[in-house]
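6 is the number of the first residue of the sequence shown in our numbering; add one for each residue after it.
Presented below is the structure to which this report refers.
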Amino acid sequence: MTWESSFWVGVALGAPTLLFSLLLLLQHWEHRRSIYANKRRHGSQFNPPSAAVIVPVKGVDSGLADSLRSLLNQDYPDYEVHFVGESDHDPAGAVVRQLIREPHRCRAAHWHVAGRATDCGQKVHNLQVACEHIPDTAEIVAFADSDAHPDSRWLHNFAYRLFKRNARESQLGAVTGYRLCVPEQPTLANWINYSINSAVGGLLVRRGLFNMIWGGAWAIRRPLLEEVRTAWRHTISDDVVATRTLSRAGWRIRFDSKVMVPSATNMSLAQLMEFLRRQFFMARHYSLGIWLGTLLVWTGMLGGFWWNVFYAATAALTGAANPRWSAALAASIYAVGVGRAVLRQQASLASAPQFAAQLRPAQRFELWAHPLISLVGWASLVSSAVGSSIVWRGIHYRLRRDGHLIELRHAANDQEAPEETGTSNRAA
6 MTWESSFWVG VALGAPTLLF SLLLLLQHWE HRRSIYANKR RHGSQFNPPS
56 AAVIVPVKGV DSGLADSLRS LLNQDYPDYE VHFVGESDHD PAGAVVRQLI
106 REPHRCRAAH WHVAGRATDC GQKVHNLQVA CEHIPDTAEI VAFADSDAHP
156 DSRWLHNFAY RLFKRNARES QLGAVTGYRL CVPEQPTLAN WINYSINSAV
206 GGLLVRRGLF NMIWGGAWAI RRPLLEEVRT AWRHTISDDV VATRTLSRAG
256 WRIRFDSKVM VPSATNMSLA QLMEFLRRQF FMARHYSLGI WLGTLLVWTG
306 MLGGFWWNVF YAATAALTGA ANPRWSAALA ASIYAVGVGR AVLRQQASLA
356 SAPQFAAQLR PAQRFELWAH PLISLVGWAS LVSSAVGSSI VWRGIHYRLR
406 RDGHLIELRH AANDQEAPEE TGTSNRAA
């Protein structure tokens, strides 16, 4: 390939990359705008319906008790909390039982032992068991991860979106939040995780056509829950499957920044790569169109940037023509990426200003290194294209192309749990 043809390849790749980067910049601008507008909104008073909150737990970390306690003390008049785990021997169970005995604001709190999953993912199995114990009076069912730290109005904000404003959005099926990853330690893996997570979050807007449910903070009206539960059978993903089910039925998913939750994170690079591959693996099996589109766009954008970087550097060293044009194109793409990062960071700080000091090192790293961070995410995406198996929390899963679970194998040293579903309820 001649220098001239290499230059024009760079233009052919770089120009669409710059255009798409600008479109993403507008999307991030809208994401930030919706968060700012939401902060100024004060929902009118209304009588929220009865609700149930489901929280799957496994293992103990330093912030578990505080996280679960916040769910037990929501500013909400009529709700109950259902904690669920695989085994009564799980250390998280002892924490839950202790918290249930403490004074709290919810009407009732329960601990359910789901037993080992046999025909679906363990988390999906846990959720299915908990759903069986929701009272008939509950009109809203909310789901939360055990490492999320919601504020006291979290459940109220779900109810407001689903009921008070639902007359304006008759096709509203679910409301979702998202996580703000807060690094516990200033490590490379935690910074990369923060950046990739916030980049995905920056695509969420209030009425986005492609909004996806995040399993750590979402709520659904009770009549629609059974459709989702049916779709969960023989799958390992709760949120991607729920998104697919509601979207195919014509229901819309609303993002509300007021139900976003901070989530403390601390992982190694190996754990990060495993986590990212798992997320993309599930998207490939349960939302193939989005996975393929992401792969195509991401590959093209990285190619457009790095081709021009290498061409400009090589041409400058060898004295070939047009290095300045390629350098200008690469610099423009880089600058727009910085702009997107700034918008995301402003949105994050607006959502959780109390974590500004903890987020600052990760945000500074993101501004300078976002092209390299993007390479890490892309590598994880590409790795998810290969294979039909993953290991998740010590359990081996193998799927068909359509996401149907065909093999589930617990690790030999996994903690024993009952094979049949059992329930231990402790209400307060």
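The beta carbon of each residue, even a glycine, is placed where N, CA and C say it ideally should be.
Note that this is a predicted model, so its numbers are computed, not measured.
Assigned secondary structure, residue i (DSSP; H/G/I helix, E/B strand, else coil)
{"i": "Cys125", "result": "coil"}
{"i": "Leu371", "result": "The identity of residue 371 in the sequence shown is Glu, whereas the question assumes Leu. Helix at Glu371."}
{"i": "Phe1", "result": "Coverage of the chain is limited to positions 6 through 433, which leaves residue 1 absent and any answer about it impossible."}
{"i": "Val62", "result": "coil"}
{"i": "Arg365", "result": "helix"}
{"i": "Leu177", "result": "strand"}
{"i": "Cys111", "result": "coil"}
{"i": "Leu185", "result": "strand"}
{"i": "Val134", "result": "helix"}
{"i": "Arg398", "result": "coil"}
{"i": "Phe51", "result": "coil"}
{"i": "Ala288", "result": "helix"}
{"i": "His415", "result": "strand"}
{"i": "Trp256", "result": "coil"}
{"i": "Ala172", "result": "Since pLDDT at Ala172 reaches only 49, below the 50 mark, its modelled position is unreliable, and the value read off the structure follows with that caveat. In the structure shown, Ala172 sits in coil (DSSP, three-state: anything other than H, G, I, E or B)."}
{"i": "Ser39", "result": "helix"}
{"i": "Ser388", "result": "helix"}
{"i": "Arg349", "result": "helix"}
{"i": "Arg226", "result": "strand"}
CB of residue i within 9 Å of CB of residue j, strictly
{"i": "Asp150", "j": "Gly220", "result": "yes"}
{"i": "Met287", "j": "Phe280", "result": "no"}
{"i": "Arg406", "j": "His290", "result": "yes"}
{"i": "Trp449", "j": "Ala333", "result": "Residue 449 lies beyond the stretch modelled for the chain, which goes from 6 to 433, so this question has no answer here."}
{"i": "Asp243", "j": "Phe163", "result": "no"}
{"i": "Leu274", "j": "Leu377", "result": "no"}
{"i": "Cys136", "j": "Ile201", "result": "no"}
{"i": "Pro436", "j": "Lys128", "result": "This structure gives no information on residue 436, because the portion of the chain shown stretches from 6 to 433."}
{"i": "Ile258", "j": "Met306", "result": "no"}
{"i": "Tyr316", "j": "Phe12", "result": "yes"}
{"i": "Val86", "j": "Val134", "result": "no"}
{"i": "Arg282", "j": "Ser385", "result": "yes"}
{"i": "Ala222", "j": "Ala153", "result": "yes"}
{"i": "Asn52", "j": "Ser157", "result": "no"}
{"i": "Leu160", "j": "Tyr41", "result": "no"}
{"i": "Leu30", "j": "Val341", "result": "yes"}
{"i": "Ala1", "j": "Glu91", "result": "The structure shown does not extend to residue 1, since the chain is modelled only from 6 through 433, so no value can be given for it."}
{"i": "Ser388", "j": "Arg403", "result": "no"}
{"i": "Lys327", "j": "Ala320", "result": "Note on identity: in this sequence residue 327 is Asn, with Lys being the wrong assignment. Yes, the pair counts as a contact, with Cβ atoms nearer than the cut-off."}
{"i": "Pro188", "j": "Ala367", "result": "yes"}
{"i": "His239", "j": "Leu410", "result": "yes"}
CB-CB length for residue i against residue j, believed under 8 Å
{"i": "Ala20", "j": "Ile145", "result": "With 8 Å as the limit, Ala20 and Ile145 do not qualify as a contact, their Cβ atoms being about 48 Å apart."}
{"i": "Gly64", "j": "Ala97", "result": "6 Å"}
{"i": "Leu185", "j": "Pro267", "result": "5 Å"}
{"i": "Leu18", "j": "Trp312", "result": "5 Å"}
{"i": "Gly182", "j": "Met265", "result": "5 Å"}
CB contact below 9 Å: residue i versus chain B
{"i": "Ala122", "result": "Considering every chain present, this structure includes no chain B. It has just one protein chain."}
Handout entry: Sufficient close CB pairs (3 or more, under 8 Å) joining the segment 100-115 to the segment 74-82
Key = Result yes; three or more Cβ-Cβ pairs closer than 8 Å.
Handout entry: Three CB pairs or more closer than 8 Å across the segment 348-355 and the segment 204-214
Key = Yes, they touch.
Exercise for the section: Could you tell me whether the segment 110-128 touches the segment 23-40, using the rule of 3 or more Cβ pairs below 8 Å? Expected result: Flag = no, the segment 110-128 and the segment 23-40 do not touch.
Handout entry: Meets three-Cβ-pair contact criterion under 8 Å: the segment 215-230 and the segment 396-411
Key = The segment 215-230 is not in contact with the segment 396-411.
Exercise for the section: Decide yes or no for the touch test of the segment 337-349 against the segment 362-376: beta carbon pairs closer than 8 Å, at least 3 of them. Expected result: Inter-segment contact for the segment 337-349 and the segment 362-376 is present: three or more beta-carbon pairs are separated by less than 8 Å.
Problem - beta strand (DSSP E) runs wholly inside the segment 81-111, at least 3 long, in chain order - result: Correct list: 84-90.
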